[in-house]
């Protein structure tokens, strides 16, 4: 597979450390989180395999293209709107969660609205770039930030504050029955692959996915999930972690770089995660824009030869985000996120069914 | 026809008393020569035209001799004749027939020493101001039959000659097509230098072009290096600079010396340059954001040092930074414009103001001076001048964002800058990307 494919998956995995995944997992730490995670990894890998395999058989084609070729029009519009909703909320959740976090810990003088608008302002223009440009941006920012994040994780693993006994205690709960919410949130780690819905346009050459690639993604996912769940427990204690809203911020705040310009790791962590959340947002909203393009003709509305549809979309993005930020608070966004994770139990299977139908119809079309 | 042409030409050139007509006549031989005496080499006329005329037995011999000269040029219309006369040809009328011989005199074909992009190990001479000499240099250094030179003129009034030089096996056809299209679309009266031409062949408008998407160089080794890499070189009469297109972001941070040093040394120098780039873009913004919004980010000792150094400075950090940057830019600009003899004075005076006096008068902090000097030095590390001009101004945008939004603003503006750079194209080539994803595919098709 192309390295850009791995970026799509990896960014979704890493970006979730900052989102609500660790909190959800930690809440269920006595009620079957270990088995849920293991099941989640297996199911996640199956989804990754199925979706990649499907898109590999149509190189250079995005899902809207395939839908247009095979499905009736009313269904296309309905289904695309559902997808737009899913991806828009993915971006929105990342955005709001991270803004709240940023304002809490780094810029307390900023209002929530201003912080969000600042991020949206940059990203809304960014998501109108072409797919290849989005991926180049993602690559550059990812390559710039990853070494620092790896350094932080390395520091976390080697830190003397890290109590492996707590981790051992956590592992003893392996005999509890798996639950649905932690299972879905571990599956969500692997759902970066869904971005292929649009980004498959970019992969015009035939790619291959086999045991090697799946194993690689599986190892990555396991390591990220392990880090997400166990490191905060090791730092904060198995019992006490219950009261912490942002386990990873607290964890990174308990580390220090003794000889650096910046002593407290938490600031490095937050600033680099700002970049990671931004590219995650960029990817998600780029998908939204492309899906919108497949329904509406963006070249139609013009004033003095300037296309105004993009601006309408940007204004819509900004307004929806601004209203949400004003109305919602921290606890609500947490519940909202859990519902969002849960809804994949319906949307991913239905997406797979639609894909299966497309495949069958294209095969039949070839035969006749 | 014979007379008409001469009359028409005299009419066109008219009042100029530089237009010379000479009659050569002896025995039965008769010939006329016409030329503009300020443009041609009169010694050469004497040697190549007049002397053989008197030595050769007949008109036929003389004509055959002229036709065999390498300087003899072809023409079709009267306009051609006029244009050639104006560029330094001699018109010879013999037996009802016209012949043109190119005997141009040029004072600018000396190769100049390099003064914009000096290196220690590379060649010490750049190009000359004469197009033919430059093409000669390139042909000498790049001996490939595939090397193609296409000359043409640009600018409606001054009809400046330019040459497109490229290796036709290696270039991408689309890029050449795009470049030619843009060159043909230029509708300007006067174009004198390649630097001016760049403004017109950039695909962007006047207000939206910011980072250079073509490279301007005076180094012949850089030109050869880029020709071999499949790029197109545009050279112009009257300028020792050449345009290289397409150019991507990383091209602007390459010096020719990278190829001359050993691997580790050039890797070190290259990373030094990238660190310099990051410093000169981010450091002023970082200072503003950290000292006015979140001093807790830094380790305590450092935060205290900065705060201690700022004691007595009567205004917020962003004014301090803008104030110092403003003076530094003034100093840079002044030392470019001033004659060499005076620029030493400017730097001394400026250095004194910016250095000791400003801190003692508590107008800026000591740390600010260090930051500004670091920024100034690292700006000069960027090897291509156009890029360092672009970088010098782009940091102001970052300062504005970090003034309003603090560290988050700085990070976001940097991401915005990266997105802007990625979004640029240079003649269809992506401007900024880490590694060419489709390189293997393209190699097959070329």
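Residue numbers (the numbering used here), protein chains in the order written: chain E, 1 to 368; chain B, 1 to 446. Heads up, the beta-carbon is just placed ideally off N, CA and C, and yes, glycines get one too.
- Apart from sequence neighbours up to five positions away, the residues of its chain that approach residue 239 of chain B with a beta-carbon distance below 7 Å are 129, 193, 194, ordered along the chain.
- Taking C-alpha positions only, residue 58 of chain E is separated from residue 155 of chain B by approximately 50 Å.
- Here residue 84 of chain B has 73, 75, 100 as same chain residues with Cβ atoms under 7 Å from its own Cβ, once five neighbours each way along the sequence are excluded.
- Under the 8 Å Cβ criterion, the region 234–243 of chain E does not count as touching the region 74–93 of chain E, having fewer than three qualifying pairs.
- Under the three-state reduction of DSSP output, residue 367 of chain E falls in the helix class.
- Here the region 115–134 of chain B makes contact with the region 257–264 of chain B; the two share three or more CB pairs at distances below 8 Å.
- Excluding the 5 residues flanking it on each side, residue 290 of chain E has same chain C-beta neighbours closer than 6 Å at 198, in chain order.
- Scanning chain B for C-beta atoms nearer than 7 Å to the C-beta of residue 117 of chain E yields nothing, as the closest lies near 10 Å away.
- Inclusion of residue 292 of chain B and residue 316 of chain B in the CB contact set at 8 Å is warranted, their separation being smaller than that value.
- Residue pairing for residue 339 of chain B: DSSP places it in no beta bridge.
- Residue-level contact check: residue 308 of chain B does not touch chain E, since none of the beta carbons of chain E fall below 8 Å from its beta carbon.
- DSSP places residue 376 of chain B within a helical segment (H, G or I) once states are collapsed to three.
- Against residue 297 of chain B, the close residues of chain E are 262, 267, in the order they occur along the chain (beta-carbon pairs closer than 7 Å).
- The residue among E:300, E:111, E:274 with its C-alpha nearest the C-alpha of residue 144 of chain E is E:274.
- Chain E has no Cβ within less than 8 Å of the Cβ of residue 368 of chain B.
- Taking a contact to require three or more Cβ pairs closer than 8 Å, the region 91–111 of chain E and the region 334–343 of chain E qualify as touching.
- A contact between stretches requires three or more CB pairs, one per stretch, nearer than 8 Å, and the region 211–230 of chain E fails this requirement with the region 63–74 of chain E.
- When C-beta atoms of the region 342–351 of chain B are compared with those of the region 174–184 of chain B, fewer than three pairs fall below 8 Å, so the two segments do not count as touching.
- For the beta strand (DSSP E) assignment, the region 99–148 of chain B encloses no uninterrupted run of at least 3 residues.
- Residue 295 of chain E and residue 50 of chain E have their alpha carbons spaced roughly 26 Å apart.
- Scanning E:203, E:181, E:231, E:128 for the CA closest to the CA of residue 312 of chain E turns up E:128.
- The beta-carbon distance between residue 236 of chain B and residue 132 of chain B, rounded to whole angstroms, is 12 Å. This is too long to meet the 8 Å contact definition.
- If the five residues before and after residue 266 of chain E are omitted, its C-beta is found closer than 7 Å to the C-beta atoms of 105, 249, 252, 253, all from its own chain and listed in chain order.
- DSSP places residue 92 of chain E in the uninterrupted alpha helix (DSSP H) bounded by 73–105.
- Within the model, the alpha-carbon separation for residue 209 of chain B versus residue 390 of chain B is close to 10 Å.
- The CB of residue 136 of chain E comes closer than 8 Å to the CB of 422, 430, 432, 433, 434 in chain B, given here in chain order.
- Rounded to the nearest angstrom, the Cβ distance from residue 287 of chain B to residue 227 of chain B is 43 Å, too far for a contact under 8 Å.
- Collapsing the DSSP output to three states places residue 430 of chain B in a strand.
- At least one CB of chain B lies nearer than 8 Å to the CB of residue 143 of chain E.
- Close CB contacts of residue 56 of chain B within its chain, under the 7 Å cut and outside five residues either way in sequence, are with 62, 65 (chain order).
- If you draw a straight line from the Cα of residue 38 of chain E to the Cα of residue 53 of chain E, it is about 23 Å long.
- Rounded to whole angstroms, residue 424 of chain B and residue 216 of chain E show a C-alpha spacing of 34 Å.
- It is roughly 28 Å from the alpha-carbon of residue 241 of chain B to the alpha-carbon of residue 262 of chain B.
- In this structure, the straight-line span from the alpha carbon of residue 175 of chain E to that of residue 190 of chain E is close to 24 Å.
- For residue 419 of chain B, the nearest CB of chain E lies under 8 Å from its own CB, placing it at the interface with that chain.
- Excluding residues up to 5 positions away in sequence, 258 lie with their Cβ nearer than 7 Å to the Cβ of residue 270 of chain B in the same chain.
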